[in-house]
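Going left to right, the sequence shown walks through residues 684 to 858 as my numbering numbers them.
Backbone N, C-alpha and C define an ideal beta-carbon position, used for all residues, glycine too.
Source: prediction; values computed, not measured.
Here's the structure we're looking at; comments come further down.
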Amino acid sequence: MPSPPSGISSRSHGNDRSDFCSHDMNNLKQLAANWQNNGQHMKTIRAEMLKQDVLSRVDKITGLMNSDCKKANGTSEHEPVERLNWDEVYEVSANVMDLYTKDVDECLSELEKFYRKQYLWQEAAFTIDSHRGAARIGAAETWVIEKELHLESKRQELSSSAQIIKKTLEGLSRR
């Protein structure tokens, strides 16, 4: 079992988070932020991890091949060598392809259903927005018309009052 990183206690007292001090958390956050911001460092680490993964797989394959060779060399020469049954290989590969095709067809069918639902939702949203917009424009138009009528009535009142004042002044100036 690997030892815990510094600042983390190996004891388990319920909640491991309480074993962290805020200083260690800040250091971890800063380290993670620096690592994420350093693109070259990330590329290097990813490349190294890929190499290690490939090397471990090659090592496993080599081990399997060596064990098969040892088995073959350890048997008597008179035993028949196992032959690959190509019919079974073709059958298995055909089954794999059939399953893959079936799964892909199901995924595409499901995706098509989601596209249809998305289209319906978009159309519904567009229709609702259009109705709301039309209602707001209609309300604004009604308000403007009412204000224009109100202003026209006030203009007529003002004109009427101006005429009365003019006549009154003319009448007073004649006297």
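Secondary structure of L803 (DSSP, three-state): helix. V737 and Q713 have their C-alpha atoms some 31 Å from each other. DSSP, reduced to helix, strand and coil, places R766 outside both helices and strands of the structure shown, so it counts as coil. Assignment of N721 by DSSP, reduced to helix, strand and coil, places it in the coil class. Going by C-alpha positions, F809 is about 36 Å away from K785. The DSSP-derived three-state label of R857 is helix. Rounded to whole angstroms, the separation of the alpha carbons of R729 and G722 is 11 Å. Excluding five sequence positions before and after S842, none of the CB atoms of its chain fall closer than 6 Å to its own CB.
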